[in-house]
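Novice: Residue numbers (our numbering): 89 to 353.
Quick reminder that beta carbons are idealized off the backbone N, C-alpha and C, glycines included.
1) In the DSSP assignment, what are the bridge partners of residue 248?
2) Whole beta strand (DSSP E) runs in the segment 114-171 with 3 or more residues, listed along the chain?
3) Measure the C-alpha to C-alpha separation of residue 177 and residue 328 and round it to an integer number of angstroms.
4) Please classify residue 305: does DSSP put it in a helix, a strand, or coil?
5) Can you check whether the CB of residue 222 is closer than 7 Å to the CB of residue 256?
6) I need the DSSP call for residue 195, collapsed to helix, strand or coil.
7) Would you kindly check if the distance between the Cβ of residue 302 and the Cβ of residue 233 is under 7 Å?
8) Identify every residue that forms a DSSP beta bridge with residue 278.
9) From residue 116 to residue 344, what distance separates their C-alpha atoms?
10) Can you give the Cα-Cα distance for residue 369 and residue 96, rounded to whole angstroms?
11) Consult DSSP for residue 312 and reduce its assignment to one of helix, strand or coil.
12) Mind checking which residues open and close the alpha helix (DSSP H) that includes residue 112?
13) Report yes if the C-beta distance between residue 282 and residue 227 is below 7 Å; otherwise report no.
14) Rank 310, 91, 278 and 268 by C-alpha distance to the C-alpha of residue 299 and give the top, closest one.
15) Hey, could you find the ends of the alpha helix (DSSP H) residue 330 is sitting in?
16) Are three or more beta carbon pairs between the segment 105-123 and the segment 182-196 nearer than 8 Å?
17) Return yes when the Cβ of residue 287 is within less than 7 Å of the Cβ of residue 248, no when it is not.
18) Since I believe residue 273 is in contact with residue 245 (beta carbons under 8 Å), could you give me their beta-carbon distance rounded to a whole number of angstroms?
19) Give the DSSP-derived three-state secondary structure of residue 179 in the structure shown.
20) Hey, would you say residue 138 sits closer than 7 Å to residue 165, going by beta carbons?
21) Counting pairs of Cβ atoms below 8 Å between the segment 304-317 and the segment 191-206, do you hit three or more?
22) I need the DSSP call for residue 258, collapsed to helix, strand or coil.
23) From this set, 144, 157, 173 and 270, which residue's C-alpha is nearest residue 128's C-alpha?
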């Protein structure tokens, strides 16, 4: 590694460089975190899960009515690959534990299909925890973006605004245009980001779907998007998986139920 010369510095960060990037920039990229064969398998099962969800609501036209077409939700309930190789990916998991102090749970898991020459609502700048204008000393939520196709200028890969998780207000348009970045990402890469970092999708100008699975993990004080405990049998999960899917912290209807759930877990 090239020498970094310093003068008058008596304190220096020793934390893992990726975690430093998460702290200071709001995101980092794990290159090749998922093997190419596994990417192919995940991609195929993502399409299958979406088709199953279309059937559940009586056709894609019904999803279009609520502007939820091109979105596959809670994928883990449709195939275990979305637990083993996505939610609990062994390359990514240590960073989630470090960033969220070990105790975290799933807020949402979403597959996104960006069709050629279509504009998703995600092209607007946003935080994953929306409508919030505050900062925190530690991440409240961390998002992992599993890249399943090439993300670049042509395909409309994701834009990030580095450091924007550290400031309450969204910056001026001029600042955004001067400082936005659009990293070149390949299938199998995983982006880990602070969910308060401003980001947006690009417009897919290629001839193929741009596929992404985004997972948002939060501290247990924040409620999950859905009641995941009703969507999967806990007997199929290990202790860590049960924690992530809310079996440890999900609210209970009665004191008795809460105690029995803790005994069973």
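Specialist: Let me lay it out:
1) Residue numbering aside, residue 248 sits at position 160 when the chain shown is read from its first letter. Paired residue(s): 269 and 287.
2) Counting whole runs of 3 or more residues, the segment 114-171 contains the beta strand (DSSP E) stretches 115-118 and 159-161.
3) Residue numbering aside, residue 177 sits at position 89 when the chain shown is read from its first letter. Residue numbering aside, residue 328 sits at position 240 when the chain shown is read from its first letter. Approximately 12 Å between the Cα atoms of the pair.
4) One-based indexing of the chain shown puts residue 305 at position 217. Three-state DSSP puts residue 305 in a strand.
5) By one-based count along the chain shown, residue 256 stands at place 168. By one-based count along the chain shown, residue 222 stands at place 134. Yes. Within cutoff.
6) Locating residue 195 in the chain shown gives position 107, where the first residue counts as 1. Three-state result, residue 195: strand.
7) As a first step, residue 233 is located in the chain shown; it is residue number 145 there, counting from the start. As a first step, residue 302 is located in the chain shown; it is residue number 214 there, counting from the start. The answer is yes: Cβ separation under 7 Å.
8) Locating residue 278 in the chain shown gives position 190, counting from the first residue. Under DSSP, residue 278 shares a beta bridge with 118 and 234.
9) As a first step, residue 116 must be located in the chain shown, where it is residue number 28. As a first step, residue 344 must be located in the chain shown, where it is residue number 256. Annotation: residue 116 to residue 344 spans about 43 Å, alpha carbon to alpha carbon.
10) Residue 369 cannot be examined here, being either before or after the span of the chain that is shown, 89 to 353.
11) By 1-based counting over the chain shown, the position of residue 312 is 224. Reduced to three states, the DSSP call for residue 312 is coil.
12) Here residue 112 is taken as the residue at index 24 of the chain shown, counted from 1. Counting along the chain, the unbroken alpha helix (DSSP H) around residue 112 starts and ends at 105-112.
13) In the chain shown, counting from the first residue as 1, residue 282 sits at position 194. In the chain shown, counting from the first residue as 1, residue 227 sits at position 139. Yes, Cβ-Cβ distance for residue 282 and residue 227 is below 7 Å.
14) By one-based count along the chain shown, residue 299 stands at place 211. Per the Cα distances, 278.
15) Reading the chain shown from its first residue, position 242 is the one you call residue 330. First-last of the alpha helix (DSSP H) with residue 330: 327-332.
16) Contact between the segment 105-123 and the segment 182-196 is present: three or more C-beta pairs spanning the two stretches fall below 8 Å.
17) Counting from 1 along the chain shown, the entry for residue 248 is found at position 160. Counting from 1 along the chain shown, the entry for residue 287 is found at position 199. The criterion of a C-beta distance shorter than 7 Å is satisfied by residue 248 and residue 287.
18) Here residue 245 corresponds to residue number 157 of the chain shown, with the count starting at 1. Here residue 273 corresponds to residue number 185 of the chain shown, with the count starting at 1. 6 Å between Cβ atoms; contact.
19) Within the chain shown, the letter at position 91 stands for residue 179. It is coil, neither helix nor strand.
20) Taking the first residue of the chain shown as position 1, residue 138 is located at position 50. Taking the first residue of the chain shown as position 1, residue 165 is located at position 77. Against a cut-off of 7 Å, the Cβ pair of residue 165 and residue 138 comes out as no contact.
21) Cβ pair count under 8 Å is three or more, so yes.
22) Within the chain shown, the letter at position 170 stands for residue 258. Of the three classes helix, strand and coil, the one that applies to residue 258 here is coil, per DSSP.
23) Reading the chain shown from its first residue, position 40 is the one you call residue 128. Ranking 144, 157, 173 and 270 by Cα distance to residue 128 puts 173 first.
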